[in-house]
């Protein structure tokens with residue numbers, strides 16, 4: 002997310018994940034922001050691995066808003082390469098395509114965030130359920146931030162709205178090392194809806 006949150010543990014978790022990504026030779030594709038959680042993980046990973054390790058993708062409207070807010074342009078030497086696109090749909094599509102087309106162990110990680118983070122998390126989860134991709138999806142649950150969402154998943158399963166075989170699509174990690182361990186061991190699975198044909 003573009004916000005830092007009120008508890009510094011969220012920013013620290015983002016930095017910890019950057020260190021873990023660096024130690025395991027991972028690259029980062031993210032929303033292209035230079036503030037908050039996004040800025041923390043991107044700038045830390047660039048410091049450790051260099052600008053080529055980070056690819057940001059941001060809509061032009063948000064790029065302009067951020068430049069007005071911070072009074073500066075995004076510096077590639079601090080935040081990695083940045084692709085500016087026309088809208089949110091294009092941003093998400095390019096981000097998802099980059100992850101799906103990445104090296105083995107590629108996957109999606111949700112750090113603490115707001116509506117945008119939640120929307121992207123649920124879309125990638127739905128796409129996994131529909132068999133559009135088989136990349137792992139990990140929720141980095143810092144200080145129980147995602148407890149409400151995880152409780153909802155259990156409740157939805159108990160009520161018959163989420164299949165029991167789909168409850169574990171979201172994998173939970175409480176440390177950066179757990180995130181990396183999960184991504185490294187994730188082989189994906191065929192969706193029960195795998196017969197759907199997607200262009």
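In our numbering, the protein residues as written are 2 to 200. For every residue, glycine included, the Cβ atom is placed at its ideal position computed from N, Cα and C.
{"Query": "C-beta contact flag for residue 11 and residue 5 at 8 Å", "Result": "yes"}
{"Query": "Start and end residues, beta strand (DSSP E) containing residue 82", "Result": "82-86"}
{"Query": "First and last residue of the uninterrupted alpha helix (DSSP H) at residue 181", "Result": "177-186"}
{"Query": "Meets three-Cβ-pair contact criterion under 8 Å: the stretch 49-63 and the stretch 11-26", "Result": "yes"}
{"Query": "Distance, residue 55 Cα to residue 136 Cα", "Result": "19 Å"}
{"Query": "CB-CB length for residue 95 against residue 111, believed under 8 Å", "Result": "In fact, because the Cβ distance is near 18 Å, the residues do not count as touching under 8 Å."}
{"Query": "Every unbroken beta strand (DSSP E) within the stretch 9-75, with a cutoff of 3 residues, ordered by chain", "Result": "29-31 and 55-60"}
{"Query": "Residue 150 - DSSP class collapsed to helix/strand/coil", "Result": "helix"}
{"Query": "Residues that DSSP places opposite residue 110 in a beta bridge", "Result": "139"}
{"Query": "Cβ contact (3+ pairs, closer than 8 Å) linking the stretch 55-67 and the stretch 76-90", "Result": "yes"}
{"Query": "The stretch 141-155 in contact with the stretch 66-77 per 3-pair CB rule at 8 Å", "Result": "no"}
{"Query": "Proximity below 8 Å, CB of residue 177 to CB of residue 183", "Result": "no"}
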